[in-house]
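Quick notes on the structure that follows.
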Amino acid sequence: MAPAVENVLVFAADATVRESLRALLEGAGYAVTLADSPDHAVNAVRNSEVAQVVAVLDGMAEAAVPGLFALLQAANANEKPRVLFLSRVDSAQRAAWLDQGVDDVLSIPWDDKELLARVRTQIRHKRTVGDLERRLRNAEEVYQASQTAFQALAVTEKMTRDAFSLERVLKFGVGALLGLAVVIAGIFFVFSHKAEKESKRAYGIISQLEHNAQNEQQLLAATRRLRDDPNNADLLQQKEQLQQQTDELRKRLAAPDGADVAALKHQLEETTGRLNKLEGSSQAAEGVIREYAPSVCLLHVSVAFNEKDSGQRLRYGGIDSDGSPLKDSDGNTVYTTSGRGPEVRADFFGSGFIAGEGKILTNHHVVQPWWENNELNDAIKQGLQPVIADMTAYFPGTANGIPVGISQISQDADLALVHGDLSALRRPILKIDARKEAAISGEALISLGYATGIEAILARAGDETVKDIVKVSGGDPKLVLDELARRKLIRPLVTQGHVGDVLEDKIVYDAQTTSGGSGGPLLNGEGGVIGVTYAIVKGFGGSNFGVPIRFASPLLKH
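Start counting the sequence shown at 2; every next residue gets the next number (my numbering).
Following this line, the structure appears as structure tokens:
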């Protein structure tokens, strides 16, 4: 069986070239052996299992190349390597070498991506050929065993005639076995092709889900966009926005310009009503917010992926010089389950709040992002198993994140309990109010959470702060959060609204929120938790949903 990490031998007389190729190949996850002469290269192949030889031919006579190829191939009969020559010769000479049996030739100077793609192709060919050779050896062993059996039966002259007849039968049987081996090989190729297609599809799904490092321009653009997004407005901004809408509607009524006056009046009444409610209840809510907002955390969940059959972790095939994942000649990210490349991660964000000693209440879909997630479920169907690689809680005013883990998941609602060492926080435990009269249609409601994750937090900071954070973190989500915590910029988004309806399995409310707010608490005017945000309606329309807090009672009893 081929080793988990393929060994590539680099032969080049120039030390600088050798080191350059070693850095490139090790970055792609290969083990690398160096050789500075043909004899050294042949001895290295003879004494170790080398999957691929990359030989730089600067200064070598063209006529000597086929001989070097033959020596490398013959050096280890059990593990014949594939040989890729790098040369400055013209296309006619490269074609001549290929006609003479050389595996592959690439011109100097070479493109790093193309070189790695050719190395991968040759190693795939080696694996396929090796598999077929093993199957052929097995068939030959069966044939030899049948011949031995025949000779044992033909001990006496009396048995000769029967033995000849038996030999014909055995030859027919061996022929059938060889035919079966060919059929198996054909099935193997078909299966391999299908598996490769499914792997590519799974990796394509993963590439769409990845939320990895963003550069400075991307983060700045996202934060500026969110500053203008009404769903990212806090309590003060909500009042300002409603006031602006009211003023604008009054101007339009003063000079209707053919507009529907009745519709404008209706909009004005509705907006004014919402503004009056907000102003009337905001003063009373400020005390509740001051007391309980520090107990609401941002949850960062980093998901990695294992290959189901092997259990090996999905990794990048390598990293380019600019720090981005290596791509093949078609521009697709290169993935592997071997080597030493960085793990593939997808980052997800949600909210949670302290609901007991060392206990944080949140949503099931926050702590297991693949739950009822169609895209991640597609990846699972294609043979990849998502796993939690890291889960961290970030609380306002703390300089460091707190590692947390899943404690329990509700079987009845979109709720989960996570645990961690919160003893040093000294934050209040939010009061659970599961009474029927605690959540009544029309009553005021406060929503706390981290809508839109880290981008919303950055949106509340200045451009210069964002630039500094990106420079320090490189845009990596984990490092961005650590830097935000160090600067004590993490705080929940607070919005206020009203309960629209209370149903058996959900609370409908109109406090603004968006993705990332899931898992945040919904508080009534007395500061009691009446629900947990779990579903967001895109394009705020007064119908976001929370899980009634009574569904959390079984989790909090343990």
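Glycine included, C-beta positions come from ideal geometry on N, C-alpha and C.
DSSP beta-bridge partners of residue i
i, result
"H301", "F350 and T393"
"R316", "T337 and E344"
"G521", "BP columns for G521 are empty, so no partner."
"D105", "L85"
"A536", "F546"
"S448", "T496 and L523"
"K114", "BP columns for K114 are empty, so no partner."
"E308", "L385"
"A29", "Answer is none; A29 lacks a bridge partner."
"D502", "V509"
"H267", "Paired residue(s): none; H267 is not in a bridge."
"K432", "G529"
"V54", "L10 and V84"
"V18", "For V18, which the question treats as bridged, DSSP gives no partner whatsoever."
"V419", "I361 and I407"
"L35", "V11"
Residue burial classification, residue i (beta-carbon count within 10 angstroms, cutoff 16)
i, result
"G454", "buried"
"S474", "buried"
"T393", "buried"
"V495", "buried"
"E456", "buried"
"L327", "buried"
"K198", "Residue placement at K198 cannot be trusted, given a pLDDT of 47 that sits under 50; what the coordinates show is reported in the next sentence. Result: exposed."
"L117", "buried"
"G532", "buried"
"K195", "Any answer about K195 is weak, because its pLDDT of 48 lies below 50 and its placement is not dependable; what the coordinates show is given next. Per the 10 Å Cβ criterion, exposed."
"N79", "exposed"
"K127", "buried"
"A263", "exposed"
"L377", "buried"
"G318", "buried"
"N8", "buried"
"A1", "Only positions 2 to 559 of the chain appear in the structure, and residue 1 is not among them; the question remains open."
"A512", "buried"
"V46", "buried"
"T17", "exposed"
"G332", "exposed"
Member of the options whose CA lies at the smallest distance from the CA of residue i
i, options, result
"A380", "R128, T534, A347 and L426", "A347"
"G357", "L423, D37 and G60", "L423"
"A536", "Q246, P404, K558 and G450", "G450"
"E271", "I320, A36, A486 and Q246", "Q246"
"S352", "S519, I441, Q123 and I320", "S519"
"P295", "R492, D391 and G402", "R492"
"D579", "I458, V481 and R461", "Since the first residue of the chain shown is 2 and the last is 559, residue 579 is not available in this structure."
"I447", "I290, A64, V405 and G332", "I290"
"H420", "L459, W371, F354 and A452", "F354"
"V6", "I124, D113 and K472", "I124"
"N401", "V388, F350 and E484", "E484"
"I320", "L133, N8 and A24", "A24"
"A32", "E249, V120, M61 and P39", "V120"
"H365", "E438, G521, V262 and V500", "G521"
"C298", "I361, Q268, Y317 and H267", "I361"
"S38", "E50, S21, D59 and G528", "D59"
"V66", "I389, S92, A440 and A97", "A97"
"I458", "V388, Y395, N79 and I433", "Y395"
"G528", "D464, A486, A425 and A440", "A440"
"I403", "K382, L426 and E292", "L426"
"H559", "F350, V18, L269 and Q409", "Q409"
"S330", "T34, D112, R19 and P555", "D112"
"T466", "P478, L490, V18 and A45", "L490"
"D434", "E50, G498 and G526", "G526"
"P110", "V90, Q94, L254 and V335", "V90"
"G498", "A64, K479 and A445", "A445"
"P397", "R428, K382 and V405", "R428"
"R488", "G463, G547, E20 and D506", "G463"
"Q387", "E438, V405, R316 and A452", "Note that residue 387 corresponds to Pro in the displayed sequence, not to Gln. Minimum Cα distance to P387 is reached at R316."
Cβ-heavy atom distance, residue i to the ligand ADP, below 7 Å
i, result
"E456", "No copy of the ligand ADP occurs in the structure displayed, which carries no ligand at all."
Please confirm if the segment 398 to 416 is in contact with the segment 310 to 320, defined as three or more CB-CB distances below 8 Å between the two stretches. no
#### Entry: Start-end ranges of the beta strand (DSSP E) lying completely within the segment 318 to 401, minimum 3 residues
347 to 357, 360 to 363 and 385 to 395
Checklist entry - Fully enclosed by the segment 65 to 92, which beta strand (DSSP E) runs are 3 residues long or longer? => result 83 to 88
inquiry  = Three or more C-beta pairs under 8 Å: does that hold for the segment 24 to 33 against the segment 329 to 349?
reply    = yes
Using 8 Å as the cut-off, can you tell me whether the segment 4 to 20 makes contact with the segment 47 to 58, which would need three or more C-beta pairs spanning the two stretches below that distance? yes
Review point. Just checking, does the segment 101 to 121 make contact with the segment 71 to 90 on the three C-beta pairs under 8 Å criterion?
Key: yes
- Taking 8 Å as the threshold, find out whether the segment 367 to 384 comes into contact with the segment 298 to 309 through three or more Cβ pairs. yes
Validate contact between the segment 91 to 103 and the segment 58 to 70 using beta carbons, cut 8 Å, 3 pairs: yes
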